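Enquirer:
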Amino acid sequence: YFCTADPGWVTGTSYGMIAPWTNGVTQIIYEGGFGAAKWYEIIQKYKVDIWYTAPTAIRLLMRAGEDVVERFDLTSLRFIGSVGEPLNPEAVVWGERNYKLPIHDNWWQTETGAIMCANYPSENIKPGSMGQPFPGITMGILDDQYNELPTDSSGILAVRPGWPSQMFAYWKQDDMYNSRFKKGWYITGDQASRDKDGYFWFQGRADDVINTAGHLVGPFEVESALIEHPAVAEAGVIGKPDPIAMEIVKAFVSLNPGFEQSDDLRKELIRFAREKLSAGVAPREIDFLETMPKTRSGKIMRRLLKARELGEPEGDISTLEDD
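My numbering numbers the first residue of the sequence shown as 749 and each following residue consecutively.
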């Protein structure tokens, strides 16, 4: 078992220590940082069969290229899981093509302590979906009044309280803790939808959702469309204030090796996103970055992208990944 999460992040605690130790599994502990060849070498040398990692790592593995994969024997793998932020559909397809295994995305939070929603090994994967609620877990999509919405509606992702690993407090913040429970639901702070098959689709943090000319746009759907373009390694999307549309969609992208920043590429990416989405949802502006600001757990810090774009205070950056 190889969990790449740092123990300072909840995945590294719950699934890097508590879960493997409780179940007595043989696990790999690697203190080094990311390195595609090094990780593949570990999998090959120790015949890793279960590999739990993060979407950012998978995108970096994609960026390293398929030729690196081909240098190693990864046939010991029988299950690959991903968590931390949504796994883009393109990454799911790439993983299946190169590892001959689907990558199973799942969803949970520090507050939940354990996986709440997952793509099961026994069920088909819908690329881009975070899967279905774990057995015994009830999840719903709520409106602004915390009433449950029908299938295919977008709203607040919520969980019925009472699961075994549920948090019981925020440290010295009782009011904040109590505010997370409404009408018999734990309010996650995430936006999502649920399809007719019971699969949940993450759209973004509630405070990340962009309102552009009356359309509510989840950053993840735009980011997912952009990284389908061969030039794009990573993408981060924010809402930028606009006097007419209230907000416009602005994207920041980092490029794969072999591609150069240019106005022509910027226009091509906007056109590509419009074909994948629609003119109203696609980014109106795109900036190029060498690297994305990320937390140490690998999540792109959209809040920081927005603060820098608008010249606002950056706030707490204690979780910012070191350069």
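Each residue gets a CB set at the ideal place from its N, CA and C atoms; glycine is no exception. Nothing here was measured: the structure is a model prediction, and the numbers come from that model.
According to the neighbour-count rule (16 or more other Cβ atoms, all chains shown, within 10 Å of its Cβ), is I986 buried or exposed?
Expert: Its Cβ being crowded by 16 or more others within 10 Å, I986 is buried.
Enquirer: On the DSSP bridge list, what partners appear for K988?
Expert: K988 pairs with I996.
Enquirer: Between which residues of its own chain and G843 is the CB-CB distance below 6 Å, once the five residues before and five after are set aside?
Expert: These residues qualify, in order along the chain: I851.
Enquirer: Using a threshold of 8 Å, state whether the C-beta atoms of P834 and F1020 are closer than that.
Expert: Not a contact, by the Cβ cut-off of 8 Å.
Enquirer: Pairs of beta-carbons, one from the segment 805 to 821 and one from the segment 785 to 795, closer than 8 Å: are there three or more?
Expert: Cβ pair count under 8 Å is three or more, so yes.
Enquirer: Do W856 and F950 come within 8 Å of each other at the CB atom, strictly closer than that value?
Expert: Cβ atoms of F950 and W856: not closer than 8 Å.
Enquirer: Bridge partners of F916, per DSSP?
Expert: Paired residue(s): none; F916 is not in a bridge.
Enquirer: Give a yes or no on whether the C-beta atoms belonging to P989 and E982 are separated by under 8 Å.
Expert: In this structure, E982 does not lie closer than 8 Å to P989 by Cβ.
Enquirer: If I follow the unbroken alpha helix (DSSP H) through T759, where does it start and stop?
Expert: Note, T759: alpha helix (DSSP H), V758 to T761.
Enquirer: What are the start and end residues of the beta strand (DSSP E) that includes L905?
Expert: That run of the beta strand (DSSP E) goes S902 to V907.
Enquirer: Taking the C-alpha atoms as reference points, what is the distance between Q939 and G984?
Expert: Going by the C-alpha atoms only, they are around 17 Å apart.
Enquirer: When you compare the segment 867 to 876 with the segment 891 to 908, are there three or more beta-carbon pairs, one atom per stretch, that lie closer than 8 Å?
Expert: No, the segment 867 to 876 is not in contact with the segment 891 to 908.
Enquirer: Would W757 pass as a contact of R1044 if the rule is Cβ separation under 8 Å?
Expert: Cβ atoms of W757 and R1044: closer than 8 Å.
Enquirer: Using C-beta distances below 6 Å, list every residue in its chain close to Y925, excluding the 5 sequence neighbours before and after it, in chain order.
Expert: Answer for Y925: A917 and Y918, listed in chain order.
Enquirer: For a test of the three-state rule: what should DSSP assign to K931, helix, strand or coil?
Expert: Reduced to three states, the DSSP call for K931 is coil.
Enquirer: Checking 8 Å against the spacing of the C-beta atoms, do L1053 and I1065 come in under that value?
Expert: Their beta carbons are not under 8 Å apart, which means L1053 does not touch I1065 by this criterion.
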